[in-house]
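Chemist: Residue numbers (my numbering): 17 to 221.
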Amino acid sequence: MKRFLVKSSGVVHSLVRYLRLKMISNKYILRKKVLEFGGVVLVYVTSSGILKVTPMEAFEFYIWVFEKNRTQPNWSDFKITSKVGNKIWFSAMYSLFGKKFSLEGVGVLSPERFIEFRIEKIGWNILKANPAIVRYALQENRGTTLVTKTWHFMFEAKLKRAYEWAVAFQIKRHLRSSFRADQLNLKAWLAKNVSEETKGYVINR
Numbered sequence: 017m018k019r020f021l022v023k024s025s026g027v028v029h030s031l032v033r034y035l036r037l038k039m040i041s042n043k044y045i046l047r048k049k050v051l052e053f054g055g056v057v058l059v060y061v062t063s064s065g066i067l068k069v070t071p072m073e074a075f076e077f078y079i080w081v082f083e084k085n086r087t088q089p090n091w092s093d094f095k096i097t098s099k100v101g102n103k104i105w106f107s108a109m110y111s112l113f114g115k116k117f118s119l120e121g122v123g124v125l126s127p128e129r130f131i132e133f134r135i136e137k138i139g140w141n142i143l144k145a146n147p148a149i150v151r152y153a154l155q156e157n158r159g160t161t162l163v164t165k166t167w168h169f170m171f172e173a174k175l176k177r178a179y180e181w182a183v184a185f186q187i188k189r190h191l192r193s194s195f196r197a198d199q200l201n202l203k204a205w206l207a208k209n210v211s212e213e214t215k216g217y218v219i220n221r
């Protein structure tokens, strides 16, 4: 078992658990880490795909997706309440296990690098925001863009471990579905902004 040291509020905590699951099916890789400390469980879920556009175009595409409230699995009513520089304040609704709850936070927009939504308020007390993070990392990949979507979130450690895995798998499914939504949205965005010769596509991994 690996051990980690993390500083929090001036105190060094030893993370007592490290779990990793890898499942490979049709280029589909699931990684989940559960780190338990201070009575809270941190869960990390990631999924990646390739967009056949440049990182800057990918950045502009995702901003368009959120600003226009385009279809995203389990997201709805995404609203930008204010914008200053490269930061936006937003509110949205998210659905998990059939339950719909509110999210509020700040988005940081960094062209050619990442888009990060720091969720500072979650309308479901099982999940905690300290903050929870949804991050889109954009990396140049031989003329295309490798997009890695990651969720970092927390909930009470007293919940059963099976629930931790259920939440991780559910969010992983949402991430995979979001790439399928990207396919449709990218076609619409390219038709509007890019010539026919540079049309792209998404490969789900």
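All residues carry an ideal CB built from backbone N, CA and C; glycine is no exception.
Is the separation between the beta-carbon of Ser63 and that of Lys208 shorter than 8 angstroms?
Modeler: Walking along the sequence shown from the start, residue 63 turns up at place 47. Walking along the sequence shown from the start, residue 208 turns up at place 192. No, the pair does not count as a contact, with Cβ atoms beyond the cut-off.
Chemist: Sorted by chain position, which residues of the same chain lie with C-beta nearer than 6 angstroms to Thr160's C-beta, five sequence neighbours on each side aside?
Modeler: Counting from 1 along the sequence shown, the entry for residue 160 is found at position 144. Correct list, in chain order: Ile66, Lys68.
Chemist: Tell me which residue opens and which closes the beta strand (DSSP E) that Trp91 is part of.
Modeler: Position 75 of the sequence shown, counted from the start, is the residue given in the question as residue 91. From DSSP, the beta strand (DSSP E) with Trp91 extends over 91-100.
Chemist: Leaving out five residues on either side along the sequence, give the residues of the same chain with a beta carbon under 6 angstroms from the beta carbon of Leu125.
Modeler: Taking the sequence shown and counting its residues from 1, one reaches residue 125 at position 109. Contacts found: Asn102, Ile131.
Chemist: So what does DSSP say about Arg134, is it helix, strand or coil?
Modeler: Position 118 of the sequence shown holds residue 134. Reduced to three states, the DSSP call for Arg134 is strand.
Chemist: Look at the alpha carbon of Ala182 and the alpha carbon of Ser118, and state the distance between them as a whole number of angstroms.
Modeler: The sequence position of residue 182 within the sequence shown is 166, counting from 1. The sequence position of residue 118 within the sequence shown is 102, counting from 1. Taking the straight line joining both Cα atoms gives about 20 angstroms.
Chemist: Using three-state DSSP, classify Pro127 as helix, strand or coil.
Modeler: Along the sequence shown, one-based indexing puts residue 127 at 111. Here Pro127 sits in coil by DSSP.
Chemist: Which partner residues of Val122 appear in the DSSP bridge assignment?
Modeler: For this step, residue 122 is matched to residue 106 along the sequence shown. According to DSSP, which records beta bridges pairwise, Val122 is partnered with Trp105, Arg134.
Chemist: Can you tell me whether DSSP reads Val183 as helix, strand or coil?
Modeler: Working through the sequence shown from its first residue, we reach residue 183 at position 167. Here Val183 sits in helix by DSSP.
Chemist: How many Å lie between Met109 and Asn90 at the Cα?
Modeler: For the purposes of this step, residue 109 is taken as the residue at position 93 of the sequence shown. For the purposes of this step, residue 90 is taken as the residue at position 74 of the sequence shown. The alpha-carbon atoms of Met109 and Asn90 are separated by roughly 8 angstroms.
Chemist: Out of curiosity, what's the CA-to-CA distance linking Ala197 and Lys84?
Modeler: Within the sequence shown, the letter at position 181 stands for residue 197. Within the sequence shown, the letter at position 68 stands for residue 84. Rounded to whole angstroms, the separation of the alpha carbons of Lys84 and Ala197 is 14 angstroms.
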